[in-house]
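Engineer:
There are 2 protein chains.
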Amino acid sequence: MTGADREGISLEELALAARNHAMPYEALRYDVTPVGLHYLLIHYDIPDVDVSAFRLSVGGHVETPLELTLDALRAMPSTTLAVTMECAGNGRALLEPRPVSQPWLLGAVGNAEWTGVPLRDVLAGAGVREGALEVLFTGRDRGVEGDIEQAYERSLPLDEAMREDVLLAFEMNWGSLLPQHGFPLRILVPGWYGMASVKWLERVTVLAEPFEGYQMATSYRMREDPDDPGEPITRIFPRSLMIPPGIPEFATRARIAEPGTHRLEGRAWSGFGRIERVEVSTDDGVTWADAVLGPEPASAFGWRAWSFDWRAEPGEHVLCCRATDSTGLTQPREPEWNVGGYRNTAVQRVTVLVR
Amino acid sequence: MTGADREGISLEELALAARNHAMPYEALRYDVTPVGLHYLLIHYDIPDVDVSAFRLSVGGHVETPLELTLDALRAMPSTTLAVTMECAGNGRALLEPRPVSQPWLLGAVGNAEWTGVPLRDVLAGAGVREGALEVLFTGRDRGVEGDIEQAYERSLPLDEAMREDVLLAFEMNWGSLLPQHGFPLRILVPGWYGMASVKWLERVTVLAEPFEGYQMATSYRMREDPDDPGEPITRIFPRSLMIPPGIPEFATRARIAEPGTHRLEGRAWSGFGRIERVEVSTDDGVTWADAVLGPEPASAFGWRAWSFDWRAEPGEHVLCCRATDSTGLTQPREPEWNVGGYRNTAVQRVTVLVR
Numbered sequence: 003m004t005g006a007d008r009e010g011i012s013l014e015e016l017a018l019a020a021r022n023h024a025m026p027y028e029a030l031r032y033d034v035t036p037v038g039l040h041y042l043l044i045h046y047d048i049p050d051v052d053v054s055a056f057r058l059s060v061g062g063h064v065e066t067p068l069e070l071t072l073d074a075l076r077a078m079p080s081t082t083l084a085v086t087m088e089c090a091g092n093g094r095a096l097l098e099p100r101p102v103s104q105p106w107l108l109g110a111v112g113n114a115e116w117t118g119v120p121l122r123d124v125l126a127g128a129g130v131r132e133g134a135l136e137v138l139f140t141g142r143d144r145g146v147e148g149d150i151e152q153a154y155e156r157s158l159p160l161d162e163a164m165r166e167d168v169l170l171a172f173e174m175n176w177g178s179l180l181p182q183h184g185f186p187l188r189i190l191v192p193g194w195y196g197m198a199s200v201k202w203l204e205r206v207t208v209l210a211e212p213f214e215g216y217q218m219a220t221s222y223r224m225r226e227d228p229d230d231p232g233e234p235i236t237r238i239f240p241r242s243l244m245i246p247p248g249i250p251e252f253a254t255r256a257r258i259a260e261p262g263t264h265r266l267e268g269r270a271w272s273g274f275g276r277i278e279r280v281e282v283s284t285d286d287g288v289t290w291a292d293a294v295l296g297p298e299p300a301s302a303f304g305w306r307a308w309s310f311d312w313r314a315e316p317g318e319h320v321l322c323c324r325a326t327d328s329t330g331l332t333q334p335r336e337p338e339w340n341v342g343g344y345r346n347t348a349v350q351r352v353t354v355l356v357r
Numbered sequence: 003m004t005g006a007d008r009e010g011i012s013l014e015e016l017a018l019a020a021r022n023h024a025m026p027y028e029a030l031r032y033d034v035t036p037v038g039l040h041y042l043l044i045h046y047d048i049p050d051v052d053v054s055a056f057r058l059s060v061g062g063h064v065e066t067p068l069e070l071t072l073d074a075l076r077a078m079p080s081t082t083l084a085v086t087m088e089c090a091g092n093g094r095a096l097l098e099p100r101p102v103s104q105p106w107l108l109g110a111v112g113n114a115e116w117t118g119v120p121l122r123d124v125l126a127g128a129g130v131r132e133g134a135l136e137v138l139f140t141g142r143d144r145g146v147e148g149d150i151e152q153a154y155e156r157s158l159p160l161d162e163a164m165r166e167d168v169l170l171a172f173e174m175n176w177g178s179l180l181p182q183h184g185f186p187l188r189i190l191v192p193g194w195y196g197m198a199s200v201k202w203l204e205r206v207t208v209l210a211e212p213f214e215g216y217q218m219a220t221s222y223r224m225r226e227d228p229d230d231p232g233e234p235i236t237r238i239f240p241r242s243l244m245i246p247p248g249i250p251e252f253a254t255r256a257r258i259a260e261p262g263t264h265r266l267e268g269r270a271w272s273g274f275g276r277i278e279r280v281e282v283s284t285d286d287g288v289t290w291a292d293a294v295l296g297p298e299p300a301s302a303f304g305w306r307a308w309s310f311d312w313r314a315e316p317g318e319h320v321l322c323c324r325a326t327d328s329t330g331l332t333q334p335r336e337p338e339w340n341v342g343g344y345r346n347t348a349v350q351r352v353t354v355l356v357r
């Protein structure tokens with residue numbers, strides 16, 4: 003990977019990269035990403051929430067608006083799901099020209115065990131009225147984006163919001179949510195890019211018409227040019243990543259490995275279907291061979307392990323991996339450029355010097 | 003802060019920034035930095051350590067070399083200290099020209115509660131022999147740096163290593179060390195920059211002569227030019243940081259605030275002495291006024307809270323803060339450039355648009 007022929011990253015983009023943490027690739031070794039290594043994308047500031055005063059408002063197009071304390075939510079039947087979450091902008095910094103936003107390379111991912119109450123159980127308590135179309139989730143985090151002062155908020159179609167695995171989550175990896183992951187409460191939408199899993203959730207509003215806020219109408223859309231309204235981004239397209247073999251050079255992160263057999267290991271995931279195939283190329287995508295898949299993940303939207311034995315000979319090699327899911331979706335060789343820099347699932351390329 | 007007149011950051015530097023997490027400035031609100039928000043600087047890869055096979059070797063210039071399990075260490079009397087840790091490269095990306103390494107803005111800091119066994123108790127068990135000069139700490143993390151393949155290792159003068167607050171730490175914030183913080187064991191050297199607190203500690207070696215490894219002789223030195231051998235970097239120079247007031251603009255992190263009184267809050271720390279004074283400027287350093295200091299921290303090397311009421315009037319303002327410690331050390335207005343980009347403690351400048 004070289005930056006020589008690209009426009010350099012600005013200090014503003016660097017400020018985003020510093021606070022929005024990526025998962026280091028070697029953390030792919032953990033099925034459940036340890037606390038602090040899961041990716042973070044925080045649009046504005048992490049809010050300071052007084053949990054003793056916290057109430058979740060549930061209102062809008064419902065029979066009975068509710069105000070729920072965290073204790074009331076915790077007293078309801080809860081469920082725990084291992085879910086792979088990925089930012090829709092993962093891979094953005096590898097696009098040319100680079101769309102200016104959080105400059106992700108490929109680390110905007112993590113797999114965590116989330117515990118919470120199915121949203122539909124809470125909505126059943128409120129009574130969704132005839133004619134409801136969407137459910138809006140409003141966070142407590144405020145900022146300015148696209149010249150609009152706003153709280154971060156996103157909506158889901160009603161049928162998605164009523165899925166049994168959409169959770170009002172208050173725990174991650176069996177501990178209380180950390181501030182940066184939405185303490186005390188967030189929505190969790192398995193299979194969708196992270197933008198849907200609104201953090202620091204304050205308000206759930208059932209709507210009888212589509213929500214047209216900034217994060218729906220302007221952001222998170224696949225747009226070919228600035229005038230293109232584009233299609234909304236929803237589910238996670240398949241991706242696979244590998245743990246780079248060998249050891250790194252500090253400043254460049256270039257990899258150096260010894261000749262011999264290396265077991266390449268990684269994870270693959272998709273928001274559309276189960277992972278059915280992972281292929282590896284050790285010649286920069288000229289030829290491909292099947293990796294060995296690990297067991298089916300326990301949850302539908304958790305990532306799946308894979309491995310591949312690579313007989314490394316001296317010289318420089320470019321390793322790639324490619325996932326295919328049960329719907330036939332796979333990873334392209336080259337990115338599909340778009341205005342917002344979303345959904346770049348082009349195959350990972352890892353250059354390794356064997357010596 | 004603008005990047006317009008600077009050389010852009012390369013993708014290699016971005017790869018470092020993505021994996022070496024900064025503390026977001028709003029996390030200054032927490033006296034103890036929550037897990038996952040403390041800064042991380044990992045020279046190579048996070049190693050995968052099998053704790054059941056783990057032994058700490060204590061050897062070199064001692065009477066009785068030791069091999070200690072984690073359980074053996076945990077069975078010894080332990081202590082817990084709140085310690086502010088900072089990377090020696092914090093502020094590097096604000097230097098011009100920018101030294102190429104991990105491109106820190108100002109977030110390479112955190113304050114954690116570390117639990118462990120005083121190193122000197124373990125050294126007493128091994129029996130330090132006459133003529134000992136230094137203690138070398140060798141981590142399990144391997145990589146290439148300055149063309150040298152190496153495990154990360156650093157030494158301390160014997161008198162520093164024998165301080166009662168230098169710990170073999172196995173817990174952080176009352177939980178087992180996380181992989182990225184050195185699991186299962188690290189050394190903790192309060193008051194020194196983070197480079198001294200070697201993670202994934204495998205071996206403690208008492209030396210009768212100075213250690214001249216890469217991280218001592220080449221790296222972590224204040225050098226005016228590449229031929230200057232420079233002085234070694236040791237303790238943390240005073241710094242203060244503030245929580246940026248108002249709300250951010252997403253892409254630029256520019257701050258927007260309403261007119262009226264804002265309570266500016268932050269933290270200050272020094273590895274040389276107690277924090278005696280924090281000053282605030284609301285006119286980009288032309289005039290300064292004293293902030294109100296919070297209580298003395300419980301541990302000598304924990305950070306100290308401060309606050310300052312700012313009456314914000316419409317317009318653009320540049321806020322600064324400046325710490326002075328009990329030895330008289332303070333923060334300069336402008337950075338002192340050096341080859342490695344270390345110890346840039348020039349005052350933080352936060353531009354706020356009041357409207």
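Here the protein sequences line up with chains E and S, keeping their order.
Counting along the first sequence from 1, when you hit position 114 you're at 116 in this note's numbering, and nothing is skipped either side.
Counting along the second sequence from 1, when you hit position 143 you're at 145 in this note's numbering, and nothing is skipped either side.
Every residue, glycine too, gets a C-beta built ideally from N, C-alpha and C.
Which complete beta strand (DSSP E) runs does the region 204 to 274 of chain S hold, if anything under 3 residues is left out?
Structural biologist: Qualifying beta strand (DSSP E) stretches, in chain order: 241 to 244, 257 to 259 and 262 to 271.
Engineer: Go through its chain and collect everything with a Cβ distance to A348(S)'s Cβ below 6 Å, but skip five positions before and after it.
Structural biologist: Here residue 348(S) refers to the residue found at position 346 of the second sequence. The answer, listed in chain order, is P334, E336 and P337.
Engineer: At the level of alpha carbons, what is the spacing between V146(E) and G248(E)?
Structural biologist: On the first sequence, position 144 is the one that residue 146(E) refers to. On the first sequence, position 246 is the one that residue 248(E) refers to. Straight-line Cα distance between these residues: approximately 43 Å.
Engineer: DSSP state of H183(S), grouped into three classes?
Structural biologist: In the second sequence, counting from the first residue as 1, residue 183(S) sits at position 181. Here H183(S) sits in helix by DSSP.
Engineer: If R141(S) sits next to A153(S), beta carbons under 8 Å apart, how far is it from one beta carbon to the other, in whole angstroms?
Structural biologist: One-based indexing of the second sequence puts residue 141(S) at position 139. One-based indexing of the second sequence puts residue 153(S) at position 151. First, the residue type needs correcting, since residue 141(S) is Gly and not Arg in the sequence shown. About 6 Å separates the two Cβ atoms, so the contact holds.
Engineer: Using DSSP bridges, identify the partner residues of A291(E).
Structural biologist: Taking the first sequence and counting its residues from 1, one reaches residue 291(E) at position 289. DSSP output for A291(E) lists V282(E) as bridge partner(s).
Engineer: Out of curiosity, what's the CA-to-CA distance linking R357(S) and D286(S)?
Structural biologist: The count along the second sequence starts at 1 and reaches residue 357(S) at position 355. The count along the second sequence starts at 1 and reaches residue 286(S) at position 284. Each residue's alpha carbon lies about 18 Å from the other.
Engineer: Taking C-alpha atoms, which residue in A95(E), W116(E), E281(E) and G91(E) lies nearest to R188(E)?
Structural biologist: What you label residue 188(E) is simply residue 186 of the first sequence in a count that begins at 1. The option with the nearest alpha carbon to R188(E) is W116(E).
Engineer: Ends of the alpha helix (DSSP H) at G127(S)?
Structural biologist: As a working mapping, residue 127(S) is identified with position 125 in the second sequence. Looking at the DSSP string, the run of the alpha helix (DSSP H) that includes G127(S) is L121 to A128.
Engineer: Could you compute how far the alpha carbon of V37(S) sits from the alpha carbon of D229(E)?
Structural biologist: Here residue 37(S) is taken as the residue at index 35 of the second sequence, counted from 1. Here residue 229(E) is taken as the residue at index 227 of the first sequence, counted from 1. So the alpha carbons of these two residues sit roughly 42 Å apart.
Engineer: Kindly indicate which three-state DSSP category E173(S) falls into: helix, strand or coil?
Structural biologist: As a position in the second sequence, residue 173(S) is number 171, starting the count at 1. E173(S): strand per DSSP, three-state reduction.
Engineer: Which same chain residues end up closer than 7 Å to T284(S) when comparing Cβ atoms and leaving out the 5 residues on each side of it in sequence?
Structural biologist: As a working note, residue 284(S) is residue 282 in the second sequence. Correct list, in chain order: W312, H319 and L321.
Engineer: Is the Cβ of P316(S) closer than 8 Å to any Cβ of chain E?
Structural biologist: Taking the first residue of the second sequence as 1, we reach residue 316(S) at position 314. No - not a single Cβ of chain E is within 8 Å of the one on P316(S).
Engineer: What three-state label does DSSP hand Y27(E) in the structure shown?
Structural biologist: As a working mapping, residue 27(E) is identified with position 25 in the first sequence. Residue state, collapsed to three classes: helix.
Engineer: Is the Cβ-Cβ distance between R144(E) and Y46(E) less than 8 Å?
Structural biologist: What you label residue 144(E) is simply residue 142 of the first sequence in a count that begins at 1. What you label residue 46(E) is simply residue 44 of the first sequence in a count that begins at 1. Going by C-beta atoms, R144(E) is nearer than 8 Å to Y46(E).
Engineer: Identify which residue in D227(E), A110(E) and E204(E) has its Cα closest to the Cα of G1(E).
Structural biologist: Lying outside 3 to 357, the shown extent of chain E, residue 1(E) is not represented and no answer is given.
Engineer: Return yes when the Cβ of G275(S) is within less than 8 Å of the Cβ of S328(S), no when it is not.
Structural biologist: Counted from its first residue, the second sequence places residue 328(S) at position 326. Counted from its first residue, the second sequence places residue 275(S) at position 273. Yes. Within cutoff.
Engineer: Taking only three categories from DSSP, how would you classify L16(S)?
Structural biologist: Here residue 16(S) corresponds to residue number 14 of the second sequence, with the count starting at 1. L16(S): helix per DSSP, three-state reduction.
Engineer: How far does the alpha helix (DSSP H) with D161(E) in it extend, from its first residue to its last?
Structural biologist: In the first sequence, counting from the first residue as 1, residue 161(E) sits at position 159. Unbroken alpha helix (DSSP H) run through D161(E): L160 to A163.
Engineer: Please name the residue or residues paired with L138(E) in a DSSP beta bridge.
Structural biologist: As a first step, residue 138(E) is located in the first sequence; it is residue number 136 there, counting from the start. Its beta-bridge partners are S157(E) and T207(E).
Engineer: Would you kindly work out how many angstroms separate the C-alpha atoms of W339(E) and L355(E), rounded to a whole number?
Structural biologist: Reading the first sequence from its first residue, position 337 is the one you call residue 339(E). Reading the first sequence from its first residue, position 353 is the one you call residue 355(E). Rounded to whole angstroms, W339(E) to L355(E) spans 30 Å at the Cα level.
Engineer: Would you mind reading off the limits of the alpha helix (DSSP H) that contains L96(S)?
Structural biologist: Residue 96(S) sits at position 94 when you count from the first residue of the second sequence. From DSSP, L96(S) is part of no alpha helix (DSSP H); its letter is neither H nor E.
Engineer: I need the DSSP call for L43(S), collapsed to helix, strand or coil.
Structural biologist: Within the second sequence, numbered from 1, the residue matching residue 43(S) stands at position 41. It is coil, neither helix nor strand.
Engineer: Tell me the rounded alpha-carbon separation between V124(E) and R237(E).
Structural biologist: Along the first sequence, read from residue 1 onward, the residue named residue 124(E) stands at position 122. Along the first sequence, read from residue 1 onward, the residue named residue 237(E) stands at position 235. Roughly 24 Å between the two C-alpha positions.
Engineer: Over the uninterrupted beta strand (DSSP E) stretch that includes D311(S), give me the two end residues.
Structural biologist: Counting from 1 along the second sequence, the entry for residue 311(S) is found at position 309. From DSSP, the beta strand (DSSP E) with D311(S) extends over R306 to A314.
Engineer: For the ligand ATP, I want to know if Y27(S) counts as a neighbour, meaning its beta carbon is within less than 7 Å of at least one of the ligand's heavy atoms.
Structural biologist: Absence of the ligand ATP from the depicted structure is noted, as is the absence of any ligand whatsoever, leaving it without description.
Engineer: Using 8 Å as the limit for Cβ to Cβ distance, is T4(S) near chain E?
Structural biologist: The sequence position of residue 4(S) within the second sequence is 2, counting from 1. Confidence at T4(S) is low in this model, with a pLDDT of 36, below 50, so the placement of that residue should be treated as unreliable; the coordinate-derived value is given next. Closer than 8 Å: yes.
Engineer: Once you ignore the five residues that flank P361(S) on each side, which residues in its own chain have a CB closer than 6 Å to its CB?
Structural biologist: This structure does not reach residue 361(S), given that chain S is present from 3 up to 357, and the question cannot be answered.
Engineer: Are the CB atoms of L138(S) and L209(S) nearer to each other than 8 Å?
Structural biologist: Taking the first residue of the second sequence as position 1, residue 138(S) is located at position 136. Taking the first residue of the second sequence as position 1, residue 209(S) is located at position 207. Their beta carbons are under 8 Å apart, which means L138(S) touches L209(S) by this criterion.
Engineer: Around the C-beta of R257(E), are 16 or more other C-beta atoms found within 10 angstroms, so that it is buried, or is it exposed?
Structural biologist: Locating residue 257(E) in the first sequence gives position 255, where the first residue counts as 1. Buried, since its Cβ has 16 or more Cβ neighbours within 10 Å.
Engineer: Classify R188(S) as helix, strand or coil using the three-state DSSP reduction.
Structural biologist: Start at 1 with the first residue of the second sequence, and residue 188(S) comes out as number 186. Three-state result, R188(S): strand.
Engineer: I want to see whether chain E comes within less than 8 Å of S12(S), judged by CB atoms only; does it?
Structural biologist: In the second sequence, the residue the question calls residue 12(S) occupies position 10. Yes - at least one Cβ of chain E is within 8 Å of the one on S12(S).
Engineer: Span of the beta strand (DSSP E) holding A84(S)?
Structural biologist: Residue 84(S) sits at position 82 when you count from the first residue of the second sequence. It spans T81 to E88 - the beta strand (DSSP E) in which A84(S) sits, taken as one unbroken run.
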